[in-house]
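**Q** For reference, the structure I am asking about is given below.
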Amino acid sequence: MTSRNWAVVTLAVLLVALAVAVALLTPWQRPPAPRADQLAALRDLPAAEVARGREFAASLRPARYGSLLLALVVALILGLTPLGAAVVTWAARPLGGGWLARVLVGGLVLLLLADLLTLPFAAWRHRALVRYGLSTQDWSGWAADLAKGYAVGAVIAAIALIGFYAVTRWSPAWWWAWGAAGAATLVVLLSFVLPVLIEPVFNKFTPMPAGAQRTELLALAERDGVPVRDVLVADASRRTRAVNAYVSGFGPTRRVVVYDTLLREATPAEVASVVAHELGHAKDRDVFVGTLLGALGSAAAVVALFLLSGWGPLLRAAGVPSVADPRSLGMLLAIAALAGVVATPVQALLSRLVEARADAHALALTNDPAAYEAMQRRLASVNLADPDPPWPEHRWFGSHPSTVERIAHARAYARGER
Ligand SMILES: [Zn+2]
49 MTSRNWAVVT
59 LAVLLVALAV
69 AVALLTPWQR
79 PPAPRADQLA
89 ALRDLPAAEV
99 ARGREFAASL
109 RPARYGSLLL
119 ALVVALILGL
129 TPLGAAVVTW
139 AARPLGGGWL
149 ARVLVGGLVL
159 LLLADLLTLP
169 FAAWRHRALV
179 RYGLSTQDWS
189 GWAADLAKGY
199 AVGAVIAAIA
209 LIGFYAVTRW
219 SPAWWWAWGA
229 AGAATLVVLL
239 SFVLPVLIEP
249 VFNKFTPMPA
259 GAQRTELLAL
269 AERDGVPVRD
279 VLVADASRRT
289 RAVNAYVSGF
299 GPTRRVVVYD
309 TLLREATPAE
319 VASVVAHELG
329 HAKDRDVFVG
339 TLLGALGSAA
349 AVVALFLLSG
359 WGPLLRAAGV
369 PSVADPRSLG
379 MLLAIAALAG
389 VVATPVQALL
399 SRLVEARADA
409 HALALTNDPA
419 AYEAMQRRLA
429 SVNLADPDPP
439 WPEHRWFGSH
449 PSTVERIAHA
459 RAYARGER
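Going by this note's numbering, the final residue of the sequence shown carries number 466, and the count climbs one at a time with no gaps.
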């Protein structure tokens with residue numbers, strides 16, 4: 049059998065495995081959140097806050113869609129015309145134009161170019177966050193975070209670029225097998241190792257001082273069968289007023305991280321309900337399942353890329369002889385951008401289902417739907433959320449159930465629909 053036939057078989061196996069994993073591991077059952085309850089919840093929210101949340105969402109919309117559209121158009125222009133190949137050649141020339149210069153300098157410049165073009169939209173977004181009082185960062189803090197993000201991204205991209213083009217050069221017929229294994233490994237590394245390395249770049253963490261709240265949160269985790277080593281407080285107030293919490297690490301390194309903003313804004317019962325939601329993620333191994341699906345998906349994507357990138361018309365459009373040429377990066381980014389458009393609503397749907405399960409877990413663990421509803425109201429109010437976003441937008445991008453869905457869920461629980 050030829051390499052191409054093996055690739056077809058492997059892709060079929062990976063797609064079946066992905067479909068089976070999604071079918072079995074996704075909590076498909078709809079949470080009890082009748083629309084009538086949602087509308088009642090919406091009416092109960094202060095009208096001025098709802099209006100402000102909608103106004104804020106509207107002010108972000110041009111930046112959001114403008115940035116998405118521009119990124120897609122730029123990727124398609126760079127990838128489906130010889131322009132991307134020309135950028136790589138031009139950027140590598142001052143360094144001799146050799147293979148390494150093309151892969152590393154050419155590749156990073158091409159990636160940076162795409163990022164820089166959408167920078168005005170990121171600045172627009174920051175300005176809106178400051179205007180609405182959500183961001184506490186000045187422009188220099190914002191720029192520092194941006195630079196840190198670029199630096200982290202550049203390191204990951206450099207590893208991926210060198211790995212990818214070394215393998216395509218070394219094994220033109222079988223790179224897809226190594227590439228698929230490499231992509232899956234990278235997903236696992238990014239998901240398990242990186243948070244531990246990256247979190248401290250952006251925030252400082254201090255153990256929560258001993259006291260009733262710390263004891264209560266540790267006891268909650270213990271009762272849930274998800275013991276945590278520590279409760280840490282992140283200095284999120286340096287950049288935002290938004291409130292949040294999460295559980296990170298595994299087994300003996302597992303810890304609960306609470307934003308200092310959450311402790312400042314919310315009552316202890318509300319904090320407990322947020323932490324209970326996060327414990328639900330840990331208990332149901334949502335990070336593990338997400339990583340598994342991501343690893344299968346990215347392996348399948350590499351094999352599909354191999355089959356697609358041998359297609360003559362595509363190579364001719366990009367002006368490169370083969371995918372092994374480092375100047376093919378633009379073409380690869382164009383394919384990835386198109387795949388991203390399709391993957392976004394699928395990922396959002398799976399995420400909303402998983403989040404709804406964590407909500408159900410929190411309600412069952414704390415048995416305190418009133419605190420849960422209060423917390424959802426506070427989250428919406430502080431984070432300036434649109435409590436009931438337009439449904440096409442919610443379906444396409446919404447990673448969490450909307451505020452009114454979550455309040456309706458809590459009310460259904462309180463009525464005894466558990
Ligand atoms: Zn969650």
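Even for Gly, the Cβ is constructed at its ideal location relative to N, Cα and C.
What are the complete alpha helix (DSSP H) segments, minimum 4 residues, inside the region 164-240?
**A** 167-179, 187-218 and 223-240
**Q** Glu318: beta carbon under 8 Å from a heavy atom of ligand 1?
**A** no
**Q** Closer than 8 Å to a non-hydrogen atom of ligand 1 - does that hold for the CB of His329?
**A** yes
**Q** Does Pro94 pass the burial test, meaning 16 or more other C-beta atoms within 10 Å, or should it be called exposed?
**A** exposed
**Q** Would you kindly work out how many angstroms separate the C-alpha atoms of Arg141 and Glu421, rounded to a whole number?
**A** One C-alpha to the other measures close to 59 Å.
**Q** From what residue to what residue does the alpha helix (DSSP H) around Arg426 run?
**A** Annotation for Arg426: the continuous alpha helix (DSSP H) segment containing it runs Pro417 to Val430.
**Q** Compute every distance between the C-beta of Ala406 and the non-hydrogen atoms of ligand 1, then say whether any falls below 8 Å.
**A** yes
**Q** Between the alpha carbons of His442 and Ser450, how many angstroms are there, rounded?
**A** 8 Å
**Q** Alpha carbon to alpha carbon, what distance is there between Ala119 and Asp278?
**A** 41 Å
**Q** Let me know if Gly146 comes out buried or exposed under the rule of 16 or more other beta-carbons within 10 Å of its beta-carbon.
**A** exposed
**Q** Write down every uninterrupted run of the alpha helix (DSSP H) in the region 316-386 whose length is 4 residues or greater and which is fully enclosed by it, in chain order.
**A** 316-331, 334-357 and 360-366
**Q** Classify Val281 as buried or exposed, calling it buried when 16 or more other Cβ atoms lie within 10 Å of its own Cβ.
**A** buried
**Q** Closest by CA to Ala458, which one among Pro82, Val236 and Asp283?
**A** Across the set Pro82, Val236 and Asp283, the C-alpha of Pro82 shows the shortest separation from the C-alpha of Ala458.
**Q** In whole angstroms, what separates the C-alpha of Ala69 from that of Leu341?
**A** 7 Å
**Q** Looking at C-alpha atoms only, which residue of Val57, Ala293 and Phe336 is the closest neighbour of Val319?
**A** Ala293
**Q** Rounded to whole angstroms, what's the CA-CA distance from Leu194 to Ala71? Just pull it up for me.
**A** 37 Å
**Q** If you draw a straight line from the alpha carbon of Leu177 to that of Val295, how long is it in whole angstroms?
**A** 26 Å
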